[in-house]
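Enquirer: Take this structure, written in structure tokens, and hold onto it; I'll ask about it next.
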Amino acid sequence: MTTPFRPVIFRPLPRSLPPFPNETLQSYCQRLAHANRIPAERLHTPSLWLAHDGDSVTALLRRLTILTGLSRETFWHALPELRWRHEHGMSPLGRSLPPVVSMRLRPRWACRRCTATRTPGQHVMTWVPIYTHICLQHRLWIGEAVAVTREQVDLAQMPGALWAQRRHHRLVRRHGERVTAECFRTGGALWKLFAAHHYTLVPEALGQGLAKPRGPYLSWGPQLYAAAYPAAVTMMSLVASPAWRSLLAESMFPSDVDRFMKEFTRRLPPSHPAYATNMPALPSKTGAMVRRVTQILRETKAA
Ligand SMILES: [Zn+2]
């Protein structure tokens with residue numbers, strides 16, 4: 171059997187560029203194209219009259235090694251999409267991802283201080299675990315609401331956020347990624363509801379002008395997300411605790427609900443006592459959240 175002739179029309183680019191660890195494929199291709207002042211599409215189809223050599227991960231790896239002179243292993247280790255898509259038989263340039271990946275990771279701008287020395291002047295998008303919101307080494311918020319790297323908030327004046335990130339990592343180790351992700355997601359949504367009702371849990375940040383509320387509702391930029399993060403992690407720790415969760419999810423006694431809410435307000439005191447009375451729905455909303463988390467965990471175990 172003879173292998174059909176497939177012309178290789180790629181040749182090394184003038185400027186090679188190593189990938190950043192865990193970089194997204196799109197980010198790397200754009201950086202490589204930008205460094206060589208060519209459109210990114212030319213990396214994949216450099217000729218109008220010759221078809222390129224295939225749409226598989228193997229073909230893409232071959233192209234990248236020819237274009238950059240870097241080893242196949244370099245790309246295989248640094249660009250996780252190649253591994254995921256190869257394992258699931260997916261096109262390397264498609265938009266969809268395996269569900270297990272999209273549940274665990276998010277594409278986020280890499281910390282601008284991490285990239286400053288390795289890729290000066292270039293912004294890098296990387297795959298980050300959903301529970302990582304801060305670069306602890308450089309004390310920068312890299313999580314929610316960061317649209318461009320200059321919006322990564324310097325947390326030097328918010329030590330509580332750094333503490334919360336370490337605590338979040340500990341909770342993941344203790345309860346697992348699935349449980350903490352669900353607690354954080356539902357807890358975060360509930361916290362937003364409270365914040366919209368002036369259940370202000372970030373008085374220090376507000377006092378320092380780090381998180382500015384606009385009008386009756388808080389505007390959710392990266393600063394406010396960072397300022398609210400310790401409260402969100404505290405709420406998550408309460409819901410992630412099997413003992414406290416079962417107290418609210420399974421007990422029918424009002425006294426148990428009172429115990430839970432006392433613990434809730436002890437850990438997350440509102441900035442003004444009067445605000446607590448403005449949220450009569452707090453026990454029912456919190457109870458609904460806890461029951462939802464419990465249900466999801468049951469389904470996960472049963473699956
Ligand atoms: Zn960093």
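Residue 202 in the working numbering sits at position 32 of the sequence shown; the count goes up by one each step and never skips. Glycine residues also receive a C-beta, built at the ideal position from the N, C-alpha and C atoms. None of the values given here were measured: they were computed from a predicted structure.
#1: For ligand 1, I want to know if C353 counts as a neighbour, meaning its beta carbon is within less than 7 Å of at least one of the ligand's heavy atoms.
#2: Please report the straight-line C-alpha distance between L341 and W333, rounded to a whole angstrom.
#3: Could you have a look at E496 and say whether DSSP puts it in helix, strand or coil?
#4: With burial defined as no fewer than 16 other Cβ atoms inside 10 Å of the residue's Cβ, what is the status of L306: buried or exposed?
#5: In whole angstroms, what is the alpha-carbon distance linking S407 and L183?
#6: Alpha carbon to alpha carbon, how far is S241 from T235? Give it in angstroms, no decimals.
#7: Does the Cβ of R278 have 16 or more other Cβ atoms within 10 Å, making it buried, or fewer, making it exposed?
#8: Note down the Cα distance separating E251 from Q465, rounded to an integer number of angstroms.
#9: Are the CB atoms of L325 and I304 nearer to each other than 8 Å?
#10: With a 10 Å radius around its C-beta and 16 neighbouring C-beta atoms as the bar for buried, classify R468 as buried or exposed.
#11: Taking just the CA atoms, how far does N206 sit from P290?
#12: Expressed to the nearest angstrom, what Euclidean distance is found between the alpha-carbon atoms of M459 and F434?
#13: Fully enclosed by the stretch 277-324, which alpha helix (DSSP H) runs are 4 residues long or longer?
#14: With H, G and I counted as helix, E and B as strand and the rest as coil, what does DSSP make of L275?
#15: By Cβ distance, which residues of its chain are closer than 6 Å to V323, with the 5 residues on each side in sequence left out?
#16: Check for me: the alpha helix (DSSP H) holding I236 runs from which residue to which?
#17: Which of helix, strand or coil does DSSP assign to I466?
#18: Look at P439 and A331 and say whether their C-beta atoms are less than 8 Å apart.
#19: Which two residues bound the contiguous alpha helix (DSSP H) that contains M405?
#20: If you follow the alpha helix (DSSP H) that E251 is in, where does it begin and where does it stop?
Expert: Answer, in terms of the structure:
#1: Here residue 353 is taken as the residue at index 183 of the sequence shown, counted from 1. Relative to ligand 1, even the nearest heavy atom lies 7 Å or more away from the CB of C353.
#2: Locating residue 341 in the sequence shown gives position 171, counting from the first residue. Locating residue 333 in the sequence shown gives position 163, counting from the first residue. About 12 Å.
#3: This structure cannot speak to residue 496, because the chain is shown only from 171 to 473.
#4: In the sequence shown, the residue the question calls residue 306 occupies position 136. L306 comes out exposed.
#5: Along the sequence shown, one-based indexing puts residue 407 at 237. Along the sequence shown, one-based indexing puts residue 183 at 13. Going by the C-alpha atoms only, they are around 51 Å apart.
#6: Start at 1 with the first residue of the sequence shown, and residue 235 comes out as number 65. Start at 1 with the first residue of the sequence shown, and residue 241 comes out as number 71. One C-alpha to the other measures close to 6 Å.
#7: Numbered from its first residue, the sequence shown carries residue 278 at position 108. The residue is buried, with at least 16 neighbouring Cβ atoms inside 10 Å.
#8: To locate residue 251, count along the sequence shown from 1; it is residue 81. To locate residue 465, count along the sequence shown from 1; it is residue 295. In a straight line, the C-alpha of E251 is about 32 Å away from that of Q465.
#9: The count along the sequence shown starts at 1 and reaches residue 325 at position 155. The count along the sequence shown starts at 1 and reaches residue 304 at position 134. Cβ atoms of L325 and I304: closer than 8 Å.
#10: Mapped onto the sequence shown, residue 468 falls at position 298. With fewer than 16 other Cβ atoms within 10 Å, it is exposed.
#11: Here the question's residue 290 lines up with position 120 in the sequence shown. Here the question's residue 206 lines up with position 36 in the sequence shown. Each residue's Cα considered, the two are about 15 Å apart.
#12: On the sequence shown, residue 459 is found 289 positions in, with the first residue counted as 1. On the sequence shown, residue 434 is found 264 positions in, with the first residue counted as 1. Using only the alpha carbons, I get a separation of about 13 Å.
#13: Those alpha helix (DSSP H) runs which fall completely within the stretch 277-324 and span 4+ residues are 282-288.
#14: Start at 1 with the first residue of the sequence shown, and residue 275 comes out as number 105. Strand at L275.
#15: One-based indexing of the sequence shown puts residue 323 at position 153. Taken in chain order, the residues that qualify are W311, P392, Q393 and A396.
#16: Taking the sequence shown and counting its residues from 1, the one referred to as residue 236 is at position 66. V227 to T238 is the extent of the alpha helix (DSSP H) around I236.
#17: Taking the first residue of the sequence shown as 1, we reach residue 466 at position 296. Of the three classes helix, strand and coil, the one that applies to I466 here is helix, per DSSP.
#18: Your numbering for residue 439 matches position 269 in the sequence shown. Your numbering for residue 331 matches position 161 in the sequence shown. A331 sits away from P439, with the two beta carbons spaced by 8 Å or more.
#19: The residue labelled residue 405 in the question sits at position 235 within the sequence shown. It spans P392 to A410 - the alpha helix (DSSP H) in which M405 sits, taken as one unbroken run.
#20: For the purposes of this step, residue 251 is taken as residue 81 along the sequence shown, with counting starting at 1. Segment P250 to E257, the alpha helix (DSSP H) holding E251.
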